[in-house]
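Asks: In terms of the numbering used here, the numbers along the sequence shown are unbroken and rise by one, the last being 355. Positions of the beta carbon are idealized from the N, C-alpha and C atoms, including for glycine. These numbers come from a predicted model, not from an experiment.
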Amino acid sequence: MNPPELAQKLTTLWPPANWLDVNVGIAVSGGADSVALLLSLVQIKKELGGDGNLAVFHVNHHLRGADSDLEQAWVEELCNKLGIPFEALQGDVAGRAETEGDGIEAAARQERYALLTQAAERHGARFLALAHTQNDQVETILFRLLRGTGLRGIGGINRSRVLTPTLTLIRPLLTCTREEILAYLSDREQSYCTDLSNEDCRFTRNRLRNELLPKLRCDYGLNIDQALLRLSEQASEVQSYIEAEARKLLTTSLDGLKTNAQAGSNSMKLKSSALVNHPPLLVREALRIAWREAGLAEQEMNFQWWCKLASLVQGDSSAAVLSLPGNVRAQSANDLLLLEW
């Protein structure tokens with residue numbers, strides 16, 4: 015790939031008119047993908063101009079000793095050469111893991127997104143650009159399938175999502191392959207950092223990347239990447255339709271939402287009769303949307319819990335009251351589902 019090609023592709027995937035005149039924060043770890051994203055955006059910016067500014071954010075979790083600090087220094091030096099503002103972000107992964115009861119990997123991810131969002135807002139960024147690629151998408155879809163997931167999970171990584179009213183996360187390289195990334199960097203004779211922990215196959219995600227996917231591609235002659243991407247696209251389309259119909263259903267069934275932060279008492283009422291004659295799939299989705307919009311945490315609400323809650327609405331449950339994750343109490347009586355927390 016010639017140097018201009020990735021940047022040219024990027025102008026199609028993320029039209030410059032959408033971002034040249036606003037501030038953009040770029041998450042750069044120092045790995046090949048994020049370095050290619052940075053160079054491409056800098057190249058486009060130099061060629062087309064615009065009133066906005068670029069800034070680089072690097073999250074240092076200090077989980078790999080001296081290597082973490084060396085990568086931070088390397089990214090800072092690259093930014094100095096490019097004339098791009100750089101900010102290193104320091105997180106407390108161990109503290110978050112202990113507080114929220116998560117593993118180190120999950121805590122690091124949550125800490126990374128929290129730090130990046132805060133940094134982007136400090137810099138007045140309208141977009142926060144991350145360097146996930148098509149390879150990451152394939153790995154994520156397969157990983158979720160193996161763990162057990164629904165349509166939303168099969169849909170994979172979202173290309174964009176709103177983080178705050180003024181900040182949107184964007185993944186411009188999500189349809190670019192790792193091969194394209196490496197060819198672009200090679201043509202530019204641009205080095206990058208290699209995280210050796212990605213080769214540690216004690217971690218499930220690394221085994222999937224380094225062992226399972228290569229075996230599926232080679233030994234079985236399967237075009238597994240495109241098969242998974244097609245499945246993901248179709249799942250996303252179906253999920254979008256279900257969400258739209260569920261939102262209509264929620265509009266007709268919502269009977270009231272009361273919040274009282276001072277008293278620590280909140281409640282939501284839904285009309286059971288407006289839900290009961292609809293397919294369980296739509297009822298579960300309507301309940302999930304209501305749950306999310308009430309600001310309740312979804313992490314521990316797995317499929318079994320949603321089924322129990324839907325059964326309560328539809329009168330198929332042996333219990334009239336449920337104690338749900340997040341200290342939420344659900345009660346069905348007099349044609350109403352009452353949620354209290």
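Would you tell me roughly how many angstroms separate the C-alpha atoms of L165 and L156, rounded to the nearest one?
Replies: 13 Å
Asks: Thinking just about the alpha-carbon of each residue, which of L301, F317, Q313 is nearest to the one in E259?
Replies: L301
Asks: Whose CA, out of E307, R185, S174, S281, lies closest to the CA of L351?
Replies: S281
Asks: To the nearest angstrom, report how far apart W5 and S346 are at their CA atoms.
Replies: Residue 5 falls outside the range modelled here, since the chain spans only 15 to 355, and no answer is possible.
Asks: If you drop the 5 nearest sequence neighbours on each side, which residues of the same chain put their C-beta closer than 7 Å to that of D349?
Replies: K285, S286, S287
Asks: Enumerate, from N- to C-terminal direction, the unbroken alpha helix (DSSP H) stretches of 4 or more residues contained entirely within the region 84-116.
Replies: 107-114
Asks: Could you work out which residue in R223, I256, K283, G270 is closest to E299 when comparing CA atoms only?
Replies: I256
Asks: What's the C-alpha gap between T189 and L268?
Replies: 39 Å
Asks: Taking its Cβ as the centre, do 16 or more other Cβ atoms sit within 10 Å of C362, making it buried, or is it exposed?
Replies: Residue 362 lies beyond the stretch modelled for the chain, which goes from 15 to 355, so this question has no answer here.
Asks: So, under 8 Å CB-CB, E85 and A133 are touching, yes? Tell me the CB distance rounded to an integer number of Å.
Replies: About 17 Å; that fails the 8 Å criterion.
Asks: Jot down the residue ranges of each uninterrupted alpha helix (DSSP H) in the region 16-70, minimum 4 residues, whole runs only, in chain order.
Replies: 17-27, 46-62
Asks: Reducing DSSP to helix, strand and coil, say where I155 ends up.
Replies: I155: helix per DSSP, three-state reduction.
Asks: What does the alpha-carbon distance come out to for the pair A145 and R221?
Replies: 21 Å
Asks: Quick check on DSSP: helix, strand or coil for T178?
Replies: strand
Asks: Short of 6 Å in beta carbon distance, which residues of its chain neighbour V42, apart from the five on each side in sequence? Order them along the chain.
Replies: Excluding sequence neighbours, V42 sits near S48, L52, V70, H72, V89.
Asks: Quick check: I238 and R231, are their CB atoms within less than 8 Å of each other?
Replies: yes
Asks: For A308, is the beta carbon positioned less than 7 Å from some heavy atom of the ligand SAH?
Replies: Absence of the ligand SAH is noted for the structure shown, with no ligands found whatsoever.
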